[in-house]
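Q:
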Amino acid sequence: MRPILLSGHERALTQVKYNPDGDIIFSVSKDHVVCAWYSHNGERLGTYHGHQGALWTVDVDPTSTLLATGGADNTMRLWEVKSGKLLKTWDFATSIKRVEFSADGKQLLGVTEKRSGHLGMIYVYEINPDVEAQQSDEHVLRIVCEDSKPTVAGFSYLAHYIIAGHEDGSVSQFDAKNGELLYNTQVHEADALITDLQWSQDRTYFITASKDKTAKISAADSLEVLKTYVADTPLNSAAITPVKDYVILGGGQAAMDVTTTSARQGKFEARFYHKIFMEEIGRVRGHFGPLNYVAVHPQGTGYCSGGEDGYVRVHHFDKGYFDFMYEVERERAQEQANL
Amino acid sequence: QDQAKKNTANKAVIEERQRMLTEWLEFRKSMREMLEEEGAEIELNNGKVIREEDGEVEEIE
Numbered sequence: 023m024r025p026i027l028l029s030g031h032e033r034a035l036t037q038v039k040y041n042p043d044g045d046i047i048f049s050v051s052k053d054h055v056v057c058a059w060y061s062h063n064g065e066r067l068g069t070y071h072g073h074q075g076a077l078w079t080v081d082v083d084p085t086s087t088l089l090a091t092g093g094a095d096n097t098m099r100l101w102e103v104k105s106g107k108l109l110k111t112w113d114f115a116t117s118i119k120r121v122e123f124s125a126d127g128k129q130l131l132g133v134t135e136k137r138s139g140h141l142g143m144i145y146v147y148e149i150n151p152d153v154e155a156q157q158s159d160e161h162v163l164r165i166v167c168e169d170s171k172p173t174v175a176g177f178s179y180l181a182h183y184i185i186a187g188h189e190d191g192s193v194s195q196f197d198a199k200n201g202e203l204l205y206n207t208q209v210h211e212a213d214a215l216i217t218d219l220q221w222s223q224d225r226t227y228f229i230t231a232s233k234d235k236t237a238k239i240s241a242a243d244s245l246e247v248l249k250t251y252v253a254d255t256p257l258n259s260a261a262i263t264p265v266k267d268y269v270i271l272g273g274g275q276a277a278m279d280v281t282t283t284s285a286r287q288g289k290f291e292a293r294f295y296h297k298i299f300m301e302e303i304g305r306v307r308g309h310f311g312p313l314n315y316v317a318v319h320p321q322g323t324g325y326c327s328g329g330e331d332g333y334v335r336v337h338h339f340d341k342g343y344f345d346f347m348y349e350v351e352r353e354r355a356q357e358q359a360n361l
Numbered sequence: 134q135d136q137a138k139k140n141t142a143n144k145a146v147i148e149e150r151q152r153m154l155t156e157w158l159e160f161r162k163s164m165r166e167m168l169e170e171e172g173a174e175i176e177l178n179n180g181k182v183i184r185e186e187d188g189e190v191e192e193i194e
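Keeping their order, the protein sequence lines are chains A and B.
First residue of the first sequence? That's 23 in this note's numbering, and the numbers climb one at a time after it.
First residue of the second sequence? That's 134 in this note's numbering, and the numbers climb one at a time after it.
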């Protein structure tokens, strides 16, 4: 099926997210504007105005009621999805690089940028799901990362842990109740920035993408690396597909980092790997610049990518995608069916 | 002889895939059991929040 091109942003996309039903896509860009789109036809549903700088991050709560955003204006903001009304602004000393709700939507975390005099930190707020309610000014937790700045973070299953990816390629596991560092391990190459962290649907494992040209799946409780996907370009994003056992990787070298600007040279393709067997099974071309983010439809029916080229491309998976199976998977499925 | 070599190689690849598949399914099973013990409703519902109205099933005679 032909991809749908969402053109409305004037600058590079930084993050794209589906709502839990998968009917709406939220996108943020360096152009300061948050957009909402219908995923089935690409029609723009609305915009959220207020941020005064580049936007880095967006997340939607599990009931599609609240939207959280963060950016270079040193604020994290909470919006009502339906009306576009700004409900809350939290101010910080530096930019907000990542926001994420817990699975129940009752907590929201924000990762702040490290800058002279300020360490990278993770702030956690309790969220009242009622749009009429007053949201708390005070964080319930603040994690200071002294060794290496956090670039991405999220809540594990039951919000037991906060898992963070760092600038130095390591991953940390914090107790999400008291912020204590439980474990830190070098998942990616030393000093290879972790660019993305996305969860499996049950949040027992997650995938990290890195500038070291690999993506890895690790277990949330043990932090053991379970799978490694080797690409041929620095990665900006990695997503786990439900329904089928695949992962989707996105990246590419920025024009200023390569000698030619041809799409092939830049490797601006979404790459599909088999999640369990770790082999590349396909690529999707289309963007004219690096893929900054890939997100999968929560029901596993499609994916979208946000590019440095300013476009969001929405793809609906076709039959071949769902039918594809390795022989050993087919045999196993047959055995299960015969039980 | 070449054919025999190839078959051995294929066999090794398939055995390795079988091992990876088994290992993955065991990991998933252990995680699901852990979530059940912990009563992780949202996580076991593929990350979707269970809403009151979803649980009510209207019976039509």
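Note that the Cβ used here is the ideal one computed from N, Cα and C, for glycine as well.
Computed from a predicted model, the values in this text were never measured in an experiment.
Could you check if residue 163 of chain B is buried or exposed, using at least 16 other CB atoms within 10 Å of its CB as the buried criterion?
A: exposed
Q: What are the residues in the segment 62-93 of chain A lying within 8 Å of chain B by C-beta distance?
A: 84, 85
Q: Evaluate residue 244 of chain A with the Cβ neighbour count: other Cβ atoms within 10 Å of its Cβ, from every protein chain shown; 16 or more gives buried, anything less gives exposed.
A: exposed
Q: Please classify residue 162 of chain A as buried or exposed, where buried requires at least 16 other C-beta atoms within 10 Å of its C-beta.
A: exposed
Q: Under 8 Å, with one C-beta from each stretch per pair, do the segment 141-149 of chain A and the segment 234-249 of chain A reach the 3-pair mark?
A: As far as the Cβ criterion goes, the segment 141-149 of chain A does not touch the segment 234-249 of chain A, which means the pair count is below three.
Q: I'd like the list of long-range same chain contacts for residue 146 of chain B, defined as Cβ closer than 6 Å, with 5 residues on each side in sequence excluded.
A: none
Q: Counting C-beta neighbours from all protein chains within 10 Å, is the total for residue 27 of chain A 16 or more, i.e. buried, or is it exposed?
A: exposed
Q: Within a Cβ cutoff of 7 Å, which residues of the same chain sit near residue 180 of chain B, ignoring the five residues on either side of it in sequence?
A: Residues of the same chain with their beta carbon placed closer than 7 Å to that of residue 180 of chain B are lacking, with the five preceding and five following residues left out of the count.
Q: What are the residues that DSSP puts in a beta bridge with residue 296 of chain A?
A: A/268
Q: Can you check the segment 136-169 of chain A for any beta strand (DSSP E) of at least 3 residues that lies completely inside it and give the ranges in chain order?
A: The beta strand (DSSP E) runs lying completely inside the segment 136-169 of chain A and spanning 3 residues or more are 142-148, 163-167, given in chain order.
Q: Could you run through the segment 215-240 of chain A and flag, in chain order, every residue whose CB is less than 7 Å away from some CB of chain B?
A: 223, 224, 225, 226
Q: How is residue 321 of chain A classed by DSSP in three states: helix, strand or coil?
A: coil
Q: I'd like to know if residue 171 of chain B contacts chain A, where contact means its C-beta is closer than 9 Å to some C-beta of that chain.
A: yes
Q: Given 8 Å as the limit, is there contact between the segment 313-321 of chain A and the segment 261-275 of chain A, that is, 3 or more CB pairs closer than that?
A: yes
Q: When the distance is taken between beta carbons, is residue 125 of chain A closer than 9 Å to residue 331 of chain A?
A: no
Q: When you compare only the Cα positions, how much space is there between residue 156 of chain A and residue 98 of chain A?
A: 16 Å
Q: Identify the continuous beta strand (DSSP E) that holds residue 113 of chain A and give its terminal residues.
A: 108-113
Q: Find out if the Cβ-Cβ distance for the pair residue 201 of chain A, residue 185 of chain A is shorter than 9 Å.
A: no
Q: Of all Cβ atoms in chain B, is any one closer than 9 Å to the Cβ of residue 297 of chain A?
A: yes
Q: Using only the alpha-carbon positions, how far apart do residue 177 of chain B and residue 328 of chain A sit?
A: 29 Å
Q: Out of A/70, A/61, A/65, which one is the CA nearest neighbour of residue 53 of chain A?
A: A/70
Q: Can you confirm whether residue 140 of chain B, when its beta carbon is compared against all beta carbons of chain A, has any partner nearer than 9 Å?
A: Answer no: the Cβ-Cβ gap between residue 140 of chain B and chain A never drops below 9 Å.
Q: Buried or exposed, going by whether 16 or more other CB atoms sit within 10 Å of the CB of residue 357 of chain A?
A: exposed
Q: Determine which residues share a DSSP beta bridge with residue 79 of chain A and list them.
A: A/92
Q: Residue 41 of chain A: buried (16+ other C-beta within 10 angstroms of its C-beta) or exposed?
A: buried
Q: Below 7 Å CB to CB, which residues in the same chain sit around residue 72 of chain A once its five sequence neighbours on both sides are set aside?
A: 99, 108
Q: Mark residue 143 of chain B as exposed unless 16 or more other C-beta atoms lie within 10 angstroms of its C-beta, in which case mark it buried.
A: exposed
Q: In whole angstroms, give me the CA-to-CA distance for residue 30 of chain A and residue 333 of chain A.
A: 8 Å
Q: Along the chain, which unbroken stretches of the alpha helix (DSSP H) at least 4 residues long are found entirely within the segment 152-186 of chain B?
A: 174-177
Q: Report the rounded CA-to-CA distance for residue 128 of chain B versus residue 121 of chain A, giving the unit in angstroms.
A: Examination of residue 128 of chain B is not possible in this model, given that chain B is present from 134 through 194 alone.
Q: Can you tell me the Cα-Cα spacing of residue 119 of chain A and residue 224 of chain A, whole angstroms?
A: 24 Å
Q: Under the DSSP definition of a beta bridge, which residues are partnered with residue 225 of chain A?
A: BP columns for residue 225 of chain A are empty, so no partner.
Q: Can you pull the chain A residues whose beta carbon is under 9 Å from the beta carbon of residue 176 of chain B, in chain order?
A: 125, 179, 180, 223, 224, 225, 226
Q: So, residue 295 of chain A versus residue 251 of chain A, is the Cβ gap smaller than 9 Å?
A: Between residue 295 of chain A and residue 251 of chain A, the CB-CB gap stays under 9 Å.
Q: Look at residue 364 of chain A and residue 174 of chain A and say whether their C-beta atoms are less than 9 Å apart.
A: Because chain A is modelled from 23 through 361, residue 364 of chain A falls outside the range shown and cannot be assessed.
Q: Can you confirm whether residue 350 of chain A, when its beta carbon is compared against all beta carbons of chain B, has any partner nearer than 9 Å?
A: yes
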